[in-house]
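A.B. asks:
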Amino acid sequence: MLSPNNCKVIFIVLSLTCILVLVSPILSPFIPRRSRESFSEIYLLGSNRMAENYPFKVKPGEVYSIFLGLGNHMGASAYYAIYLKIRDRSEDPPDPRNNMPSLLPIICDYHVFLSDGEVWEKSLNFSLSFNFSDGGCCLLKELIVNDERYAINKLVLWDSEKNGFFINIFFELWIYDSKIRGFSFHNRFVGIWLNVTNTV
C-alpha cells in the first residue's frame with residue numbers, strides 16, 4: 511500500500527515528465543544541436559579496389575592500375591578539382607597545415623560535382639616513359655593516364671638515403687569557392703611513391 515508521501519512523489523515525477531514532453535517542441539529551436547562535421551575525403555585504392563596492391567617498382571611502358579576516389583561530406587553540394595602532380599624527394603609536397611598547395615606544375619586535372627554524401631571513383635591506368643643517362647640521372651619523359659599522353663621531361667634526382675630514383679604521383683584536392691569565383695586548395699592530397707630505379 512502506498513503512503514501519502516509516496517503518492518505525492520509519484521504525482522510530482524509524472525507531472526514534471528508530462529510538462530517536459532509538452533514543452534519540448536517549443537524549446538527545441540533554442541537548444542543547440544550537435545553539429546555535423548563537414549569534410550571531403552580523397553583516397554587511392556590499389557588495382558583490386560582495396561587499400562593494398564599499390565604499384566611500387568615500375569618499368570618503362572608497363573601499365574599499372576589504381577583507383578582515385580573522392581567523397582563529399584560537406585553538408586551541401588560541392589564542385590571539386592583534382593590536380594595530378596609529380597615530384598621527387600628533393601621537391602616539397604603540399605603543406606595542408608599552412609594551406610599551401612605544391613608549386614609544381616599540374617600534369618592533368620579532373621573536375622567533379624558531388625551532392626552531399628556522394629562518392630566518385632575513377633579507374634586510372636597509367637604507364638611511364640623514362641630512361642637513364644650514363645651520368646646516373648633518370649629522365650622522366652612522359653606519363654600516360656587512360657590513354658592520354660602528358661609530356662613531363664623531368665629530371666629525377668638520385669635519392670642517396672633510399673638508394674634509388676623515386677617519384678611521387680600525387681593528387682591535390684581543390685574546391686570551388688564562390689567568394690573568389692575560382693578553386694582554392696582544400697588542404698587535402700594523396701599520392702603514391704614509385705621506384706623507377708633501373709635494375710638491368
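Numbering (my numbering), first residue to last: 511 to 710.
Where is the CB? At the ideal position from N, CA and C, for every residue including glycine.
(1) Can you tell me whether DSSP reads D602 as helix, strand or coil?
(2) If we call anything under 8 Å between Cβ atoms a contact, is F675 one with Y574?
(3) Kindly indicate the opening and closing residues of the beta strand (DSSP E) around D687.
(4) Please classify E658 as buried or exposed, where buried requires at least 16 other C-beta atoms within 10 Å of its C-beta.
(5) Measure the C-alpha to C-alpha separation of I596 and I677 and round it to an integer number of angstroms.
(6) Quick one: complete alpha helix (DSSP H) runs, 4+ long, within the region 575-637?
(7) Between the C-alpha atoms of G701 and Y593, what's the straight-line distance to the nearest angstrom?
(8) Our contact map puts H583 next to E551 with C-beta atoms below 8 Å; I'd like the distance itself, whole angstroms only.
(9) Use the C-beta contact count for H696: other C-beta atoms within 10 angstroms, 16 or more gives buried, fewer gives exposed.
(10) Could you tell me whether the Cβ of E601 comes closer than 8 Å to any Cβ of chain D?
(11) Considering F566, what are the terminal residues of the beta strand (DSSP E) in which it resides?
(12) Give every residue of the same chain whose Cβ lies closer than 6 Å to the Cβ of G712, excluding the five residues on either side of it in the sequence, and list them in chain order.
(13) Among F566, R546, F577, A586, which has the Cα closest to the Cα of R559?
(14) In terms of residues, what are the limits of the beta strand (DSSP E) holding V658?
(15) Between which two residues does the beta strand (DSSP E) holding E551 run?
C.D. replies: With the given structure in hand:
(1) As a working mapping, residue 602 is identified with position 92 in the sequence shown. The DSSP-derived three-state label of D602 is coil.
(2) Locating residue 675 in the sequence shown gives position 165, where the first residue counts as 1. Locating residue 574 in the sequence shown gives position 64, where the first residue counts as 1. It is not a contact, given that the beta carbons lie outside the stated cut-off.
(3) Here the question's residue 687 lines up with position 177 in the sequence shown. From DSSP, the beta strand (DSSP E) with D687 extends over 674-687.
(4) The sequence position of residue 658 within the sequence shown is 148, counting from 1. If you draw a 10 Å sphere on the C-beta of E658, you find fewer than 16 other C-beta atoms in it, and that means exposed.
(5) Walking along the sequence shown from the start, residue 596 turns up at place 86. Walking along the sequence shown from the start, residue 677 turns up at place 167. Between I596 and I677, the C-alpha separation is close to 7 Å.
(6) Whole alpha helix (DSSP H) segments, 4+ residues: zero.
(7) For this step, residue 701 is matched to residue 191 along the sequence shown. For this step, residue 593 is matched to residue 83 along the sequence shown. Cα to Cα, G701 sits roughly 11 Å from Y593.
(8) Along the sequence shown, read from residue 1 onward, the residue named residue 583 stands at position 73. Along the sequence shown, read from residue 1 onward, the residue named residue 551 stands at position 41. Contact between H583 and E551 holds, with the beta-carbon distance rounding to 7 Å and staying under 8 Å.
(9) Here residue 696 refers to the residue found at position 186 when the sequence shown is read from its first residue. Answer is buried; the Cβ neighbour count reaches 16.
(10) Included in the structure is just one protein chain, with no chain D present.
(11) In the sequence shown, the residue the question calls residue 566 occupies position 56. Careful: F566 lies outside any beta strand (DSSP E) and carries neither H nor E.
(12) For residue 712 there is no data in the structure shown, the boundaries of the chain being 511 and 710.
(13) Taking the first residue of the sequence shown as position 1, residue 559 is located at position 49. Ranking the options by Cα distance to R559, first place goes to F577.
(14) Counted from its first residue, the sequence shown places residue 658 at position 148. According to the sequence as given, residue 658 is Glu; it is not Val. It spans 658-666 - the beta strand (DSSP E) in which E658 sits, taken as one unbroken run.
(15) Within the sequence shown, the letter at position 41 stands for residue 551. Here the beta strand (DSSP E) through E551 covers 549-555.
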